[in-house]
Amino acid sequence: MKPAAVQGHLDGMLLAILSGAPMHGYAIIEELRRRSRGSFDLPEGSVYPALYRLEEDGLVTSAWVVVEGRRRRVYSLTRRGRAALGRQREGWRSFARAVDAVYGGAR
Amino acid sequence: MTRLDAYLARLGAALPVSIRARVVDEVRAHLEDSIGAESGDEDKALQRFGDARVVAQRFVVEGLARRSRIAWRTALPLMVAALGLTAYVPTPMPDDALIGLALAAGAQVGFVALSVTLLRRVAGDDVLVARGSRVCVIAAGLVLGAWTYGFAETATRSGAFGRATIVSGVAVIGGLWALFAVTVGRTARIGDWVRAVEQAAAVRPAVGVGRSIDRIMVRPWLACAAVAVAAGIAMGAVHAIHHSFAGSAATGMTEAAMVVAGFVLAGPALGLRGRSKREVV
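Same order as they appear, the protein sequences are chains A and B. 1 is the number of the first residue of the first sequence in the numbering used here; add one for each residue after it. 1 is the number of the first residue of the second sequence in the numbering used here; add one for each residue after it.
Take a look at the structure:
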């Protein structure tokens with residue numbers, strides 16, 4: 001899938017990944033790749049600015065933590081982030097249903 | 001210097017100082033993992049991460065919302081102070097028409113910029129908030145500059161303060177203002193760059209209140225009329241309370257006319273524009 005097509009949904013997907021457990025950037029990207037079965041081949045450098053903005057907006061929070069002997073910046077979802085994820089998930093479902101109906105996927 | 005170090009140096013050089021250390025440390029940790037996963041192939045890991053300048057630019061774009069908030073928080077008190085001085089403190093004006101003109105123009109343009117930017121803040125348009133904040137800071141500079149000049153001249157003439165005190169006071173106020181102007185101006189330039197990128201990609205999201213305010217803003221005459229009427233009523237009421245009812249209508253109309261002049265002067269800088277023929281079609 002083209003990176004431009006993924007970018008518009010990146011925020012929601014990052015929030016969804018962090019809803020499971022706090023993670024550092026590399027683990028988030030690996031999880032994104034695993035869940036999409038390798039379909040989302042984003043430039044890895046585009047994920048960190050998105051995480052930075054989500055943090056500025058108060059949807060995620062981050063802190064330096066030592067993981068397996070190495071210093072990492074670990075991100076976790078805030079309460080506002082969880083609420084935003086719920087809204088984005090619902091918005092995506094109704095959008096996907098509508099597109100599917102147009103393509104005739106229901107038949 | 002390894003390829004990783006060179007890459008991080010390029011990234012750091014293109015980032016704002018405020019986030020440089022944090023981002024470079026985080027990207028280093030990521031790339032070390034990535035290089036390990038690629039069996040030590042630095043080139044492949046760096047290629048997957050993306051061009052250092054592009055990554056840095058993305059951070060700048062994503063940080064605009066915060067910069068825009070800071071610019072507004074700088075511009076708002078400055079403009080309120082300037083308008084407050086103009087409205088409530090008797091200005092020690094010298095007999096200088098140019099200074100009087102700066103005071104009047106600054107106050108009117110600043111009032112318009114403040115009103116329009118307030119609406120943009122509600123609409124959540126970071127780019128235009130940054131642009132409006134720049135106009136506010138410049139207008140406040142005109143008002144505060146004129147006021148400081150008048151105050152300094154009166155103080156010099158009366159001998160209330162020594163020359164050194166007056167000069168250092170003016171220098172401190174001027175220096176602070178220049179610092180604000182440079183900071184807010186930089187944010188506005190970043191905002192303009194972001195808007196140009198958005199327009200090239202035909203992305204301009206606006207929902208809810210933002211969409212309603214956008215509808216007003218593409219009809220500048222409507223925004224101008226709304227602000228002029230509000231300002232006219234407010235000034236008329238202030239006149240009626242402090243002086244008398246007689247003359248408050250004239251005061252209100254004068255204020256409304258000056259607001260219209262402010263819109264004519266500041267409109268382009270605030271991003272107020274009519275719909276182009278192409279958009280109408």
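Where a beta carbon is used, it is the ideal one built from N, C-alpha and C, also for glycine.
* For the candidate residues B/Ala188, B/Ser158, B/Ala256, B/Tyr149, whose alpha-carbon lies nearest to that of B/Val167? -> Counting from one through the second sequence, the residue named residue 167 of chain B turns up at place 167. Looking at the Cα atoms, B/Tyr149 is the closest of the given residues.
* **Every unbroken alpha helix (DSSP H) inside the stretch 12-82 of chain B [4 residues or more]** => 17-37, 42-49, 52-62
* Asked: Taking just the CA atoms, how far does B/Thr154 sit from B/Gly162?
  -> Counting from one through the second sequence, the residue named residue 162 of chain B turns up at place 162. Counting from one through the second sequence, the residue named residue 154 of chain B turns up at place 154. Distance between the alpha carbons of B/Gly162 and B/Thr154 is about 12 Å.
* **Cα-Cα separation between B/Pro205 and A/His9, rounded to whole angstroms** => For the purposes of this step, residue 205 of chain B is identified with residue 205 of the second sequence, where counting begins at 1. For the purposes of this step, residue 9 of chain A is identified with residue 9 of the first sequence, where counting begins at 1. A caution first: B/Pro205 carries a pLDDT of 47, below 50, which makes its placement in the model too unreliable to give a value.
* Contact set for B/Glu255: own chain, Cβ-Cβ below 7 Å, skip 5 residues either direction -> The residue you call residue 255 of chain B lines up with position 255 of the second sequence. Here the set comprises Ala231, Gly232, Met235.
* Asked: Is there at least one Cβ from chain A nearer than 8 Å to B/Val34's Cβ?
  -> Sequence index remark: in the second sequence, residue 34 of chain B carries index 34 (1-based). A small fix is needed here, since residue 34 of chain B is Ser in this sequence, not Val. For B/Ser34, the answer is yes, since a Cβ of chain A falls inside 8 Å of its Cβ.
* Within 10 angstroms of its Cβ, does B/Gly191 collect 16 or more other Cβ (buried), or is it exposed? -> Counting from one through the second sequence, the residue named residue 191 of chain B turns up at place 191. Classification of B/Gly191: buried, given that the 10 Å Cβ count is 16 or more.
* Asked: So which residues on chain A does B/Ala29 lean against when the C-beta distance must stay under 9 Å?
  -> Taking the second sequence and counting its residues from 1, the one referred to as residue 29 of chain B is at position 29. Chain A residues near B/Ala29: His24, Gly25, Tyr26, Arg70, Arg71, Arg72, Arg73.
* Can you find a CB in chain A that lies within less than 8 Å of the CB of B/Ala65? -> Start at 1 with the first residue of the second sequence, and residue 65 of chain B comes out as number 65. It does: the Cβ of B/Ala65 has a partner Cβ on chain A nearer than 8 Å.
* Whose CA, out of B/Leu270, B/Asp125, B/Leu101, lies closest to the CA of B/Ala142? -> In the second sequence, counting from the first residue as 1, residue 142 of chain B sits at position 142. For the record, residue 142 of chain B in the displayed sequence is Leu; it is not Ala. Taking only the C-alpha atoms, the option nearest B/Leu142 is B/Leu101.
* **is_contact[B/Gly50, chain A] using C-beta, thresh 8 Å** => Position 50 of the second sequence, counted from the first residue, corresponds to residue 50 of chain B. Answer yes: the Cβ-Cβ gap between B/Gly50 and chain A drops below 8 Å somewhere.
* Please decide whether A/Glu44 counts as near chain B, where near means a Cβ-Cβ distance under 8 Å. => Residue numbering aside, residue 44 of chain A sits at position 44 when the first sequence is read from its first letter. Closer than 8 Å: yes.
* Below 8 Å, can you find three or more Cβ-Cβ pairs linking the stretch 48-63 of chain B to the stretch 49-56 of chain A? -> yes
* If you follow the beta strand (DSSP E) that A/Arg72 is part of, which residue opens it and which one closes it? -> For this step, residue 72 of chain A is matched to residue 72 along the first sequence. Note, A/Arg72: beta strand (DSSP E), 70-77.
* **Terminal residues of the beta strand (DSSP E) in which A/Ser62 lies** => Along the first sequence, read from residue 1 onward, the residue named residue 62 of chain A stands at position 62. A/Ser62 -> beta strand (DSSP E) spans 60-67.
* Asked: Along chain A, in chain order, which residues have C-beta atoms closer than 7 Å to that of B/Val80?
  -> Position 80 of the second sequence holds residue 80 of chain B. Ordered by position in chain A, no residue passes the 7 Å Cβ test against B/Val80, which lies about 26 Å from the chain.
* **Counted within 10 angstroms of its Cβ, other Cβ atoms place A/Glu44 as buried (16 or more) or exposed** => Here the question's residue 44 of chain A lines up with position 44 in the first sequence. Counting Cβ neighbours within 10 Å, A/Glu44 comes out buried, since at least 16 surround it.
* Grouping DSSP H, G and I as helix and E and B as strand, with all else coil, what is B/His239? -> Walking along the second sequence from the start, residue 239 of chain B turns up at place 239. Note: B/His239 maps to helix in three-state DSSP.
* **B/Asp126 vs B/Ala75 beta-carbon contact at 8 Å** => Translated into positions along the second sequence, residue 126 of chain B becomes position 126. Translated into positions along the second sequence, residue 75 of chain B becomes position 75. Not closer than 8 Å, so no.
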